[in-house]
Structure formats: structure tokens, C-alpha cells
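Asker: I'd like to ask you about the structure that follows.
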Amino acid sequence: MSDDHERAAALTRAVQLREQGQAGQAREQLMELTEQYPEDVEIAYQTAWAHDVLGLEREAVPFYERALGGAGLSPKDRHGAFLGLGSTHRVLGSYRAAVQTLRCGLEEFPDDPALRTFLAMALYNDGEGREAMRLLLKTLTATSSDRRVQDYRRAIEHYADDLDGVQQTHEEP
-4 MSDDHERAAA LTRAVQLREQ GQAGQAREQL MELTEQYPED VEIAYQTAWA HDVLGLEREA
56 VPFYERALGG AGLSPKDRHG AFLGLGSTHR VLGSYRAAVQ TLRCGLEEFP DDPALRTFLA
116 MALYNDGEGR EAMRLLLKTL TATSSDRRVQ DYRRAIEHYA DDLDGVQQTH EEP
């Protein structure tokens, strides 16, 4: 059995454990794999995910960073790593790091509504409520299939760019 085959089989088993709700066991196996394959971005990503599932966000960060720092992660997993790392930074109160990570994710996945939504939350936490609201409104109009939202799409998008715009009325005394 080749080393690549053994690695793939062990990684598959660990992911299955996490998916079956046995994140603690998955984490143990992934930590062993990380020691064997310290530069493997896929193992790093899955290890980060297992830590996050267990509420070990701070411990997840270096694994997410390792996963994003190397080559070879599938687009789906890169997307998940950006989302996971950005969300983790936000949960830890590292709002600027969350904003930076999620913006980097949006450079690669520019129209992704999940990244945009998490960025809006991080922007809000970082004191950028206006930008957060604008981003959420634009994401809403782009993704909602609700007829009423679509009926007012142009108006919502206009107001998203001009949240403080007030129409002057001329009242007679």
C-alpha cells in the first residue's frame, strides 16, 4: 500500500468520524496525520474544521492559515477555509483579521453570498455598520427569490448606497 493511499484512507476515516458526530476522535486522528504530513493543506483544513466543531476556535486558526498558505486545496475547500478562518477570527473578537480574511476570500470568490454575509457581520463588529448594512442589502437583492424583494430591488439597491438619503419635503405652514 502506497504512502499516498494510506494518507488518503486515514484522512477519509477522520472526516467520516467528524461527519458522524465523533469530532473528538476525528481531531485525534487528524492531529496524528498533521504530525506525519505537516505541509499537507488538505489535512490542515480538515484539522482546523475538527477544532472548530469542538469549539476550539483559537487552536483552529493556525491550521486554517496553513491550509490557505499552501497550494493544492480544492476550490471548495479553499472557500470553506476562508469562511472558517474569517468566522473563527470574528468569534474570537479579532474583527480586523476577520474582515481581512473574508475580503481575501471574496477576491477569489467574488459573488459568494456566504462570504459576503460573514463579512457584513465582521464589518459590523469592527464598527463599520454602514458598510455592513450596504453589503447585506446588496446580498439580499442578489440572492432572494422573494417576489416582493425583487419588486423593490432597484429601490433597495439605491438605498443601500445612500442609507442616509432623505428626500426633502415641502410642507406648507
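For the sequence shown, our numbering gives the first residue as -4, with consecutive numbering after it.
Every residue gets a Cβ at the ideal spot worked out from N, C-alpha and C, and that includes glycine.
Going by alpha carbons, who is nearest to Tyr154 out of Leu6, Thr83 and Met128?
Answerer: If we check each option's Cα against that of Tyr154, Met128 comes out closest.
Asker: Using the rule of at least 16 other Cβ atoms within 10 Å of the residue's Cβ for burial, across every protein chain shown, is Asp193 buried or exposed?
Answerer: The requested residue 193 is not part of the displayed model; the chain covers only -4 to 168.
Asker: Tell me the residue span of the alpha helix (DSSP H) that contains Gln31.
Answerer: Start and end: Ala18 to Gln31.
Asker: If I'm right that Arg86 touches Glu52 with Cβ under 8 Å, what's the distance once you round it to whole angstroms?
Answerer: Per the sequence shown, the amino acid found at residue 86 is Val instead of Arg. 5 Å between Cβ atoms; contact.
Asker: Which runs of the alpha helix (DSSP H) fall wholly inside the segment 31 to 90 and span at least 4 residues, in chain order?
Answerer: Runs found: 36 to 48, 52 to 64 and 70 to 86.
Asker: Exposed or buried, which one is Thr83 when buried takes at least 16 other CB atoms within 10 Å?
Answerer: With 16 or more Cβ atoms within 10 Å of its Cβ, Thr83 is classed as buried.
Asker: Which residue marks the beginning of the alpha helix (DSSP H) containing Phe104, and which one marks its end?
Answerer: Neither: Phe104 is in no alpha helix (DSSP H) and is coded neither H nor E.
Asker: Tell me which residues share the same chain as Cys99 and place their Cβ nearer than 7 Å to its Cβ, disregarding the 5 neighbours each side in the sequence.
Answerer: Correct list, in chain order: Phe77.
Asker: Could you give the distance in angstroms between the alpha-carbon of Gln95 and the alpha-carbon of Leu130?
Answerer: For Gln95 and Leu130, the distance between alpha carbons rounds to 15 Å.
Asker: Tell me which residue opens and which closes the alpha helix (DSSP H) that Leu6 is part of.
Answerer: Run containing Leu6: Asp(-2) to Glu14, per the alpha helix (DSSP H) assignment.
Asker: Give the single residue among Phe104, Asp47 and Val56 whose Cα lies nearest to the Cα of Arg73.
Answerer: When only C-alpha atoms are compared, the closest one is Phe104.
Asker: Identify, in the order they occur along the chain, each residue of the same chain with its Cβ nearer than 8 Å to the Cβ of Ile151, setting aside the five sequence neighbours on each side.
Answerer: Excluding positions up to five away in sequence, the list reads Leu132, Leu135, Thr136 and Val144.
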